[in-house]
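*Asks:*
See the structure below:
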């Protein structure tokens, strides 16, 4: 894989080992604008990598360093996500500028990039997440059009459960407790539910807890064979 070196000054030292990969969309009108912002010292934002619409991969921050991509966030008890993660920005205008499907070239470039990072740091599939998973009240990226299923087929993300589903009939409080156990910050319940849907039931993101949502979450929480996460 060819990676272009496009250094950003926006980084500092890590205080945690790398245990996560966080996927973002850039949410800007075009790739050059996003790259410029991620390298602007005044912006105080960055990521380790950026994937252009033509599949070009740019490295902005060395993985050994802490890039500034996650902001105020939480996942499975970790609140300094920047210290614990590798951040990947994928060029896409996002919901504010005309959200559209990601290009084949982007996903074809992203897959080996994620695979290499996952292998390098021993990251589990359950810790390969979207920005909306770690900051549900603030973020929607990479959004409901991101093809998580393509990563899941290659064991680079958790798949959406589809077999032997059972409805645990949780009330809302029970569902939220289960969602928190899985890893989400549920302090804003509606946002957490929609983030979960955006990731695991993207065809209907309505914030309503229905039988399908309960069944999917239960299946995700059930014990997996050792090393299978």
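In UniProt numbering, the protein residues as written are 1 to 229. All residues carry an ideal CB built from backbone N, CA and C; glycine is no exception.
Could you please give the first and the last residue of the uninterrupted alpha helix (DSSP H) stretch that includes residue 95?
*Replies:* Element bounds for residue 95: 94 to 97.
*Asks:* Taking just the CA atoms, how far does residue 90 sit from residue 21?
*Replies:* Distance between the alpha carbons of residue 21 and residue 90: 13 Å.
*Asks:* Going by DSSP, what residue range makes up the alpha helix (DSSP H) through residue 114?
*Replies:* That run of the alpha helix (DSSP H) goes 104 to 121.
*Asks:* Do residue 74 and residue 206 have their C-beta atoms within less than 8 Å of each other?
*Replies:* Taking 8 Å as the Cβ cut-off, residue 74 and residue 206 do not qualify as a contacting pair.
*Asks:* Within 10 angstroms of the Cβ of residue 106, are there 16 or more other Cβ atoms? Answer buried if so, exposed if not.
*Replies:* Per the 10 Å Cβ criterion, buried.
*Asks:* Would you tell me roughly how many angstroms separate the C-alpha atoms of residue 209 and residue 175, rounded to the nearest one?
*Replies:* So the two alpha carbons sit approximately 8 Å from each other.
*Asks:* Note down the Cα distance separating residue 148 from residue 199, rounded to an integer number of angstroms.
*Replies:* The straight-line gap from Cα to Cα measures roughly 8 Å.
*Asks:* If I follow the unbroken beta strand (DSSP E) through residue 69, where does it start and stop?
*Replies:* Careful: residue 69 lies outside any beta strand (DSSP E) and carries neither H nor E.
*Asks:* What is the DSSP secondary structure of residue 24, counted as helix, strand or coil?
*Replies:* Looking at residue 24 - three-state DSSP - the assignment turns out to be strand.
*Asks:* Using CA coordinates, which residue listed in 39, 196, 221, 44 is at the minimum distance from residue 133?
*Replies:* Measuring from the Cα of residue 133, the nearest candidate turns out to be 196.
*Asks:* So, helix, strand or coil for residue 175, using DSSP?
*Replies:* Looking at residue 175 - three-state DSSP - the assignment turns out to be helix.
*Asks:* Given that a residue counts as buried once 16 or more other Cβ atoms are within 10 Å of its Cβ, and exposed if not, what is residue 44?
*Replies:* With fewer than 16 Cβ atoms within 10 Å of its Cβ, residue 44 is classed as exposed.
*Asks:* Tell me residue 12's beta-bridge partners as DSSP assigns them.
*Replies:* DSSP lists 66 as partners of residue 12.
*Asks:* Where does residue 92 land, buried or exposed, given buried means 16+ other C-beta within 10 angstroms?
*Replies:* Its Cβ being crowded by 16 or more others within 10 Å, residue 92 is buried.
*Asks:* In three-state terms, what does DSSP make of residue 85?
*Replies:* In the structure shown, residue 85 sits in a strand (DSSP, three-state: E or B).
*Asks:* Near residue 109, what residues of its chain come up, given a Cβ to Cβ distance below 7 Å and the 5 sequence neighbours on each side ignored?
*Replies:* So the list reads 51, 55, 57, once near-sequence residues are dropped.
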